[in-house]
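Visitor:
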Amino acid sequence: MLKGNLTCEDISKLILSYIDDKLSQDKRNRVALHLRNCPFCMEKYRVIKSLFDIIKQKNIRRAKKFQQYRLLSAYCDNEVSQNTKESIEASLALSCDLVHRILKINSLKKLLANNFEEKFADFELNLEKKVIERLKSEGVVNKIRKIFCKD
Amino acid sequence: MNYKVKNNTLDELIEMARKGDMEALEEIIRRQQKNVFATLYYLNAKPDEIMDLTQEVLFKVAKNIKKLKNPRTFKSWLNQIIINQFYDTLRKKQKSVKKVCLDAAQEDKKEFDIPDFASNPYQKALDKELERAIKCSIHKLPDPFKMAIIMRELQGLSYEEIARATNSNIGTVKSRIARARLKLQEYLKPYIS
Chain A
1 MLKGNLTCED ISKLILSYID DKLSQDKRNR VALHLRNCPF CMEKYRVIKS
51 LFDIIKQKNI RRAKKFQQYR LLSAYCDNEV SQNTKESIEA SLALSCDLVH
101 RILKINSLKK LLANNFEEKF ADFELNLEKK VIERLKSEGV VNKIRKIFCK
151 D
Chain B
1 MNYKVKNNTL DELIEMARKG DMEALEEIIR RQQKNVFATL YYLNAKPDEI
51 MDLTQEVLFK VAKNIKKLKN PRTFKSWLNQ IIINQFYDTL RKKQKSVKKV
101 CLDAAQEDKK EFDIPDFASN PYQKALDKEL ERAIKCSIHK LPDPFKMAII
151 MRELQGLSYE EIARATNSNI GTVKSRIARA RLKLQEYLKP YIS
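Chains as they are written, first to last, in the working numbering: chain A, 1 to 151; chain B, 1 to 193.
Here it is in structure tokens:
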């Protein structure tokens, strides 16, 4: 199918892999050759390529944002290295957004902590005696079993 | 209450219990039971099963404490037992012929009744609403996020302890906690200043 010159139909099938740089050297050259000579496919390539770039940029931005949030979240739990801690604290003076994010995380932490504490504050379970009794009775059963097994 | 063991630290109690001291073991269970119950509650165990599950977890702790080599890993070990017990019950339920409704709305009807001692009725209603919102928000999280955030915020485990309990690495724990927080911030927006 792909021997000789590529057709516009071939290009339709290969264009995504071409943009994503997934083609062999030979195929890439042949696609490039076709694009140079075919304004219709070239236009198609430009449109898809620009969409690809937008998505890529968005993903990069999202990844960066998340990376930063991950560090901030760990910082609020005092679970970052001294270096990271210092660099976050140095950035705080320069970024209201960063301060705002940290305040939000701490506000959530406080909300959860208060709620957990209040919800179970006066809650009594008293299961300790039951558990110990069960443990002892199982111990007795095992001893009896051992005696019988020996016999 | 036994005053002999009351002032011992958890590490000391574990050491004593490993040597066969029943009073120390009883004190460990007394201190941990609320944590176990609350964890299962937020993990979304069925309300009428939480008490049985809690007892089962505590029994396993009591039975196997001698096998725990390092007292410092107790919290991770306890949470491993909670997670395993929780999933065991789920698996058994899936295997059983009887159909189990996992619909959240239905579960809410069978809310486990925990006494509420707030004095002002208006405040009481607000607290109840917030409590419900927090519970539903946590239940909505995917299981790994849910576990990480419960262990961190409810039980105060370190990232290392959470990693050990969930058999993952610290980077993963960091991500899970951060993502859980992002989601909770979104769900609980009206309550966060």
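Idealized CB from N, CA, C, for every residue including glycine.
Got a sec? Which residues, its chain only, sit under 7 Å from B:Ala125 by beta carbon, not counting five neighbours each side?
Guide: Here residue 125 of chain B refers to the residue found at position 125 of the second sequence. Counting only Cβ-Cβ distances below 7 Å, and skipping sequence neighbours, we find nothing.
Visitor: Closer than 7 Å, CB to CB, is B:Phe117 near chain A or not?
Guide: Position 117 of the second sequence, counting from 1, holds the residue named residue 117 of chain B. Because B:Phe117 sits at a pLDDT of 47, beneath the cut-off of 50, its placement in the model cannot be relied upon, and the point is left open.
Visitor: Can you name, in chain order, every residue of its own chain whose Cβ lies under 6 Å from the Cβ of B:Glu27, other than the five neighbours on each side?
Guide: Here residue 27 of chain B refers to the residue found at position 27 of the second sequence. Hits under 6 Å: Val5 and Leu13.
Visitor: Taking A:Asp77 as the query, report the chain B residues whose CB atoms sit under 8 Å from its CB, ordered along the chain.
Guide: Translated into the one-based positions of the first sequence, residue 77 of chain A becomes position 77. Going along chain B in sequence order, the residues near A:Asp77 (Cβ under 8 Å) are Arg152, Tyr159 and Ile177.
Visitor: Would B:Ile162 be called buried (16 or more neighbouring beta carbons within 10 Å of its own) or exposed?
Guide: In the second sequence, the residue the question calls residue 162 of chain B occupies position 162. Buried, because 16 or more other Cβ atoms sit within 10 Å of the Cβ of B:Ile162.
Visitor: Quick check: the Cα distance between A:Asp53 and A:Val47, rounded to an integer number of angstroms?
Guide: Mapped onto the first sequence, residue 53 of chain A falls at position 53. Mapped onto the first sequence, residue 47 of chain A falls at position 47. Straight-line Cα distance between these residues: approximately 10 Å.
Visitor: Rounding to the nearest angstrom, what Cα-Cα distance links B:Arg31 and A:Leu98 in this structure?
Guide: Start at 1 with the first residue of the second sequence, and residue 31 of chain B comes out as number 31. Start at 1 with the first residue of the first sequence, and residue 98 of chain A comes out as number 98. About 38 Å.
Visitor: Can you list, in chain order, the residues of its chain whose CB lies under 7 Å from that of B:Ala133, leaving out five sequence neighbours each side?
Guide: Mapped onto the second sequence, residue 133 of chain B falls at position 133. Once the five neighbours on either side are set aside, the close Cβ partners of B:Ala133 are Leu188 and Tyr191.
Visitor: Suppose you measure from the CA of A:Val140 to the CA of B:Asp143; what does that come to, to the nearest Å?
Guide: Mapped onto the first sequence, residue 140 of chain A falls at position 140. Mapped onto the second sequence, residue 143 of chain B falls at position 143. Between A:Val140 and B:Asp143, the C-alpha separation is close to 39 Å.
Visitor: Does the segment 61 to 74 of chain A come within contact of the segment 164 to 175 of chain B, defined as at least 3 CB pairs closer than 8 Å?
Guide: Enough Cβ pairs lie closer than 8 Å, so yes.
Visitor: Looking at chain A, is there any beta carbon in it that lies within less than 7 Å of the beta carbon of B:Glu12?
Guide: Along the second sequence, one-based indexing puts residue 12 of chain B at 12. Not one chain A Cβ lies under 7 Å of B:Glu12.
Visitor: Would you list, in chain order, the members of the segment 28 to 57 of chain A that have their beta-carbon closer than 9 Å to a beta-carbon of chain B?
Guide: Hits within the stretch: zero.
Visitor: As a quick exercise: from A:Glu43, A:Asp20, A:Leu23 and A:Ala93, pick the residue whose alpha carbon is nearest that of A:Cys8.
Guide: By one-based count along the first sequence, residue 8 of chain A stands at place 8. With distances taken between Cα atoms, A:Cys8 lies closest to A:Glu43.
Visitor: From A:Val80 to A:Ala90, what distance separates their C-alpha atoms?
Guide: Working through the first sequence from its first residue, we reach residue 80 of chain A at position 80. Working through the first sequence from its first residue, we reach residue 90 of chain A at position 90. Straight-line Cα distance between these residues: approximately 14 Å.
Visitor: So, at 8 Å on beta carbons, what are the nonlocal neighbours of A:Ile15 in its own chain, with the 5 sequence-adjacent residues on each side left out?
Guide: Position 15 of the first sequence holds residue 15 of chain A. Hits under 8 Å: Val31, Cys41, Lys44, Tyr45 and Ile48.
Visitor: When DSSP labels each residue in this structure, what does A:Cys8 get in the three-state scheme?
Guide: Residue mapping note: residue 8 of chain A aligns to position 8 of the first sequence, counting from 1. Of the three classes helix, strand and coil, the one that applies to A:Cys8 here is helix, per DSSP.
Visitor: Among A:Glu138, A:Glu133 and A:Ile147, which has the Cα closest to the Cα of B:Ile29?
Guide: Numbered from 1 along the second sequence, position 29 holds the residue referred to as residue 29 of chain B. If we check each option's Cα against that of B:Ile29, A:Glu133 comes out closest.
Visitor: Would you mind reading off the limits of the alpha helix (DSSP H) that contains B:Asn84?
Guide: Within the second sequence, the letter at position 84 stands for residue 84 of chain B. Segment Phe74 to Lys95, the alpha helix (DSSP H) holding B:Asn84.
Visitor: Between A:Ile88 and B:Phe86, what straight-line distance do the alpha-carbon atoms span, to the nearest angstrom?
Guide: Along the first sequence, read from residue 1 onward, the residue named residue 88 of chain A stands at position 88. Along the second sequence, read from residue 1 onward, the residue named residue 86 of chain B stands at position 86. Distance between the alpha carbons of A:Ile88 and B:Phe86 is about 38 Å.
Visitor: Starting from the beta carbon of B:Tyr191, find every residue of chain C whose beta carbon is closer than 8 Å, and list them in chain order.
Guide: Absence of chain C from the displayed structure is noted, the protein chains being A and B.
Visitor: With 16 other CB atoms within 10 Å as the buried threshold, where does B:Met22 fall?
Guide: Start at 1 with the first residue of the second sequence, and residue 22 of chain B comes out as number 22. Label assigned to B:Met22: exposed.
Visitor: Helix, strand or coil, according to DSSP, for A:Phe116 in the structure here?
Guide: Here the question's residue 116 of chain A lines up with position 116 in the first sequence. A:Phe116 falls in the helix class under three-state DSSP.
Visitor: Tell me the rounded alpha-carbon separation between B:Leu10 and A:Asn59.
Guide: Locating residue 10 of chain B in the second sequence gives position 10, where the first residue counts as 1. Locating residue 59 of chain A in the first sequence gives position 59, where the first residue counts as 1. Looking at the two C-alpha atoms, the distance is approximately 46 Å.
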